[in-house]
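*Asks:*
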Amino acid sequence: MRHIAPSDGVRAEVDFSLKARSKPYRLAALILDPGIAMHPAAEHSPLGKSSEYIATYTPSLLFPIPRAAKWAELGLTAQTLPYKGVDFWNCYELSWLLPSGKPVVAIAEFSIPADSPNIIESKSFKLYLNSLNQTAFDGVALVQATLEKDLSAAAGKPVGVRIRSLADIEGEGVAALPGVCIDDLEITVSSYDRPQPELLRCDGSRVVEESVHTHLLKSNCPVTSQPDWGSVVVDYRGAALDHASLLAYIV
């Protein structure tokens, strides 16, 4: 998308490109025998039902499902399981707020013991993670500790949590975006409802050609209200944009 407009008396030509990241929750696919009945507890879970999007921290959204019933169908108990291991879950769009109101995005990896008394129903897991979006945490360590506490309580055994920044995974199959990343700039945000072009500032005395990018673009589906995250690259030539004001505008 290209927009050309005067900016403080200097003609500015800006290229915008949006890149949607992968779907937030990638889980291993299972081929199920159609003759196998759904776990009775799952019938009471949010799976397959319309769900309200809750954007503030709500650990009660987690829905544990006991493994014992399915183990029993195989003639097994927790003490006689013929295997050891962990279930790995990946979240590609974990987000929370800093005390300043600026969002943080990250990738989370969860390891749940395969012999835990419960599994966590996947949709409830997603809804729980989304509930962090508009909740302020004083640092990533507190986010990790909160996730470990809540998920371990739901699973019935300690759950491992690893939180990684998007920069951490560059070079692991995720391409780096061009230009300067502006996500580490300090801004204060209190409104997220509508675009506020009045936030944008530029220096008309300086003409530059540069690329900047941010991973903090967020929108909500108008039908389900579920969040979607994306990355934005701004490639422009013209009056120098104030990077902090651009980040505040995008957020």
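Sequential numbering from 45 applies to the sequence shown in my numbering.
Here a beta-carbon is modelled for each residue, glycine too, at the ideal position from N, C-alpha and C.
1) Applying the 10 Å Cβ sphere with the 16-neighbour rule, what's the burial state of C265?
2) Taking the C-alpha atoms as reference points, what is the distance between P50 and L290?
3) Under the three-state reduction of DSSP, which class applies to D279: helix, strand or coil?
4) Below 8 Å on the Cβ atoms is my guess for A150 versus R208; work out the distance and round it to an integer in Å.
5) Give me the Cα-Cα distance between N367 and E242, rounded to the nearest whole angstrom.
6) Do G139 and L221 have their C-beta atoms closer together than 8 Å?
7) Determine the extent of the beta strand (DSSP E) in which T258 is found, giving its start and end residues.
8) With a CB to CB cut of under 6 Å and the five nearest residues on each side skipped, what residues in its chain are close to A152?
9) Inspect the beta-carbon positions of I294 and T258 and report whether they are closer than 8 Å.
10) DSSP state of P271, grouped into three classes?
11) Comparing C-alpha positions only, which one of L171, V203, A211 and V218 sits nearest to I226?
12) Helix, strand or coil: how does DSSP classify Y136 here?
13) Rounded to the nearest angstrom, what separates D272 and S155 at their Cα positions?
*Replies:* The structure says:
1) C265 is exposed by the Cβ-count criterion.
2) Low local confidence applies: a pLDDT of 39 at P50 is under 50, so the model's placement there is unreliable, with the coordinate-based value given in what follows. So the alpha carbons of these two residues sit roughly 16 Å apart.
3) Of the three classes helix, strand and coil, the one that applies to D279 here is strand, per DSSP.
4) Your pair A150 and R208 checks out as a contact, with CB atoms roughly 6 Å apart and the cut at 8 Å.
5) Lying before the first or after the last residue shown, residue 367 is absent from the chain, which here runs from 45 to 295.
6) The sequence given here has Ser at residue 139, not Gly. With a cutoff of 8 Å on beta-carbon distance, S139 and L221 are scored as not near each other.
7) C246 to N264 is the span of the beta strand (DSSP E), which, as asked, contains T258.
8) Close CB contacts of A152 within its chain, under the 6 Å cut and outside five residues either way in sequence, are with C135, L138 and I207 (chain order).
9) With contacts defined by Cβ atoms closer than 8 Å, I294 and T258 form a contacting pair.
10) In the three-state scheme derived from DSSP, where H, G and I count as helix and E and B as strand, P271 is classed as strand.
11) Nearest option by C-alpha distance: A211.
12) Strand.
13) If you draw a straight line from the Cα of D272 to the Cα of S155, it comes to about 24 Å.
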